[in-house]
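Protein chains in written order, with this note's numbering: chain A, 1 to 257; chain B, 258 to 588. Heads up, the beta-carbon is just placed ideally off N, CA and C, and yes, glycines get one too. Computed from a prediction, not measured in an experiment: that's the story for all the values here.
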Amino acid sequence: MTSPAAATSTTIAGAVMIEAQGVEKWYGNGYHALRGVDLTVHQGEVVVIMGPSGSGKSTFLRTFNGLEEFQHGTITVDGITLGDDLRQIDAIRREVGMVFQQFNLFPHLTVLENLTLAPIKVRQRPQHQVESQALELLERVGIHEQAHKYPGQLSGGQQQRVAIARSLCMEPRIMLFDEPTSALDPEMVQEVLEVMRELAKEGMTMVVVTHEVKFARQVASRVVLMAEGRVVEVAPPDQFFSNPQHERSKQFLGQIA
Amino acid sequence: MTRLPQGLATTPLATPLTTPWWRHRRLLPWLVQGAVGLLVLVLVAFLLGNLVRNLTNAGLLLTWSWLHNPAGFEIAETTLPFNASMPYWRGLLAGLVNTLQVVVLGLIGATALGTATGMAAFSSNGLLRGLARLYVDLIRNIPLLLQLLFWYFVVFLALPNGAAAVQLPGLVLAKSGLYLGQPQLVNDVWQAPLRMSVEFASLLTGLVVYTGAFIAEVVRGGVAAVPQGQWEAARSLGLGQALTLRRIVVPQALRVIVPALNSQYISLAKGSSLAVACGYTDLYSVAETTLNQTGRAVEVVLILLASYLVIDLVISALMNGLNRLVQLRER
Ligand SMILES: Nc1ncnc2c1ncn2[C@@H]1O[C@H](COP(=O)(O)OP(=O)(O)OP(=O)(O)O)[C@@H](O)[C@H]1O
Ligand SMILES: [Mg+2]
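What follows is the structure, given as structure tokens:
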């Protein structure tokens, strides 16, 4: 089902990991946030979603793991079609990691406990095994000395790296990032992007909402531009940044440049 | 990095007390506290002196010997055995035990009811949410005294007796009382291992229902104070509803809930002094009878004040202990 070549390829090659078709969403107040969005993400791809504030990037990303419901269209994640079945939503959440702008670490648990809680409780794996894996992950993101501290004792950049490690500890097949560096001081942005680059290199399938152009240029397989609840343009980064096809894309790039 | 406090340093270079006392960072707070303490002492001494002088002039100086005189009144329902030939102090003690009994059971019941209703506000079941909201809004806006009168006169005193009594599994509600365990009708009179008078039952129900509504709001507020991001992070890790509540939300909510519970608990304890509305004899009503018979107004009021103060202080101390337990480490 999965082709090993996909892991190293930067272009479309592997199996389909996320398939969204005609997704429409209205918020409770009647606001039409997603107006028929299509997107296909293949294994090993890094898809970067860009777009102006309020264009529905977060809303779209959060439909992939059932944090937002949608009214029309279909979303299939890792072969499981999102529906009303709570068991399926839980199954998808086990396979999909999510990193938030505000980190959302559990403040009353130590860094290590933040990482191990879900694997032990949800995946029912033995504690010692999860703990040694967690320490390895913390080492990988460069904060293993802080394992027994509380999130509040860490800098923003360190907290976000813990949040990434926490997701990875569940051994997800897909990682979602919603503006992972937007709440960080400038000097901490790079340390988080570096961890994400490594992850991409190892072949993780990633969907990243970000305004980091350099990251998108270097790491993205494709860039998606969203505006007013729609996908306006999908293109490889070279083409997207140097030769955007749509008026809306040009306008957006003009604003962030 | 440790810095030796100025003035206490042992090196010869130290400059002892070169800072004048009125702007000394560590000395000044002590001086201010001392001054305030002295002022309070003087004020209390003055007031007490005045009180004693006035009471002496009126021939009312505090005396306590009357406490040993026979009370001469009966108390309908006591846990501590009591009859009219026993002294006043024994009657007051029996009243205190009655109060404590209803307060302790009331705290347990109100906490259970309040927690359940507070959590119901987060249920996905709209009917349940609506009912919880209705209960809280209705109960919080009706004075406790009215509610006690309602439970006693409209609900419990209206219960039928004998075979017509309301019979539930393991519980019988009759005008003659509430029977728990395995109630049996013997000669048209209910018998059971555990009996509660309707007076006690009305007071307990009133206090539990009333305080439960306030506790429900405290619990709801505490859970709502946990940021939405915590729920989302837990959910996106695949933690189910129960695990998310138990491991993530409740531990953080308790830090908000426990301090706020303290004042609800104290208000229940104080509210119990409305027992007379349901014909239940608590500390307050024994004290009132005692006052009427002896005329020792100041002494009786002092006993009442001290008793409720001690109950409140005990509740506060317990809640402070609990609070230390739930104030989780975060750094
Ligand atoms: N809970 C909500 N209820 C109603 N409207 C909402 C809600 N959440 C988001 N919206 C609206 O939906 C639209 C899309 O929001 P979304 O957060 O997905 O945008 P975004 O592209 O992620 O923007 P940003 O770059 O500011 O994060 C916005 O207009 C927003 O105001
Ligand atoms: Mg967003």
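Contact test: residue i Cβ vs ligand 1 heavy atom, cutoff 7 Å
i	result
Y537/B	no
S249/A	no
N29/A	yes
K57/A	yes
G66/A	no
G54/A	yes
A33/A	yes
Minimum Cβ-Cβ distance from residue i to chain A less than 8 Å
i	result
L500/B	yes
G497/B	yes
S493/B	yes
R586/B	yes
P516/B	no
R581/B	no
N382/B	no
T259/B	With a pLDDT of 43 at T259/B, under the threshold of 50, the predicted position of this residue should be treated as unreliable, and no value is reported.
R386/B	no
I505/B	yes
P508/B	yes
G479/B	no
E474/B	no
A458/B	no
E545/B	no
P262/B	With a pLDDT of 48 at P262/B, under the threshold of 50, the modelled position of this residue cannot be trusted; read the value that follows with caution. So no, P262/B is outside the interface.
G486/B	yes
Limits of the beta strand (DSSP E) - the one that residue i falls within
i	result
Y436/B	434-437
D90/A	Looking at the DSSP string, D90/A is not in any beta strand (DSSP E); the run it does join, the alpha helix (DSSP H), is 86-95.
D539/B	D539/B -> no beta strand (DSSP E), and no H or E assigned at all.
F227/A	A small correction: the amino acid at residue 227/A is Ala; Phe does not occupy that position in the sequence shown. 222-227 is the extent of the beta strand (DSSP E) around A227/A.
T74/A	72-77
I49/A	46-50
V234/A	230-235
Delimiting residues of the alpha helix (DSSP H) encompassing residue i
i	result
F177/A	Not the alpha helix (DSSP H): F177/A falls in the beta strand (DSSP E), residues 174-178.
T368/B	345-377
K121/A	111-121
Q509/B	507-528
V213/A	213-219
Nearest-angstrom Cβ-Cβ length linking residue i and residue j, presumed shorter than 8 Å
i	j	result
T551/B	W323/B	5 Å
Q487/B	Q509/B	7 Å
D178/A	Q101/A	6 Å
V224/A	V47/A	6 Å
M199/A	A165/A	Reading off the sequence shown, one finds Leu at residue 199/A, where the question assumed Met. Not confirmed; about 11 Å, so no contact.
L112/A	E131/A	7 Å
L176/A	N29/A	L176/A to N29/A, Cβ: 25 Å. No contact.
L39/A	A20/A	5 Å
G419/B	V543/B	The Cβ separation is near 32 Å, so there is no contact.
G434/B	S454/B	5 Å
V192/A	Q160/A	5 Å
Min CB distance residue i to chain B below 8 Å
i	result
N104/A	yes
F70/A	no
D178/A	no
K201/A	no
T10/A	Note that T10/A scores 45 on pLDDT, short of 50, meaning its location in the model is unreliable; the coordinates nonetheless yield the value given after this. Not an interface residue.
F60/A	no
N65/A	yes
A118/A	yes
G152/A	yes
D90/A	yes
H108/A	yes
M98/A	yes
Heavy atom of ligand 2 within 7 Å of residue i beta-carbon
i	result
E179/A	yes
H141/A	Note that residue 141/A is Val in the sequence shown, not His. Not under cutoff, so the answer is no.
V209/A	yes
Minimum Cβ-Cβ distance from residue i to chain C less than 8 Å
i	result
R94/A	Absent here is chain C; the protein component of the structure consists of chains A and B.
Residue i beta carbon near ligand 3 (any heavy atom closer than 7 Å)
i	result
G51/A	Absence of ligand 3 is noted for the structure shown, with ligand 1 and ligand 2 being the only ligands found.
Discussion item. Three or more C-beta pairs under 8 Å: does that hold for the region 527-544 of chain B against the region 350-361 of chain B?
Written reply: yes
Discussion item. For the region 358-375 of chain B against the region 414-427 of chain B, do three or more pairs of beta-carbon atoms, one drawn from each stretch, fall closer than 8 Å, so that the two count as touching?
Written reply: no
Item to complete: Spell out a yes or no on whether the region 551-564 of chain B and the region 116-129 of chain A are touching, meaning 3 or more CB-CB pairs, one atom from each, closer than 8 Å.
Response: no
Worksheet item: Would the region 89-97 of chain A and the region 63-80 of chain A be scored as touching if the rule is three or more Cβ pairs under 8 Å?
Response: yes
Practice prompt. Answer yes if the region 292-310 of chain B comes into contact with the region 325-345 of chain B, meaning at least three C-beta pairs across the two stretches below 8 Å, and no otherwise.
Written response: no
Discussion item. Check whether the region 214-222 of chain A and the region 39-55 of chain A touch, using three or more Cβ-Cβ pairs below 8 Å as the test.
Written reply: yes
Worksheet entry | Inter-stretch contact (C-beta, 8 Å, three-pair minimum) for the region 499-509 of chain B and the region 529-536 of chain B | no
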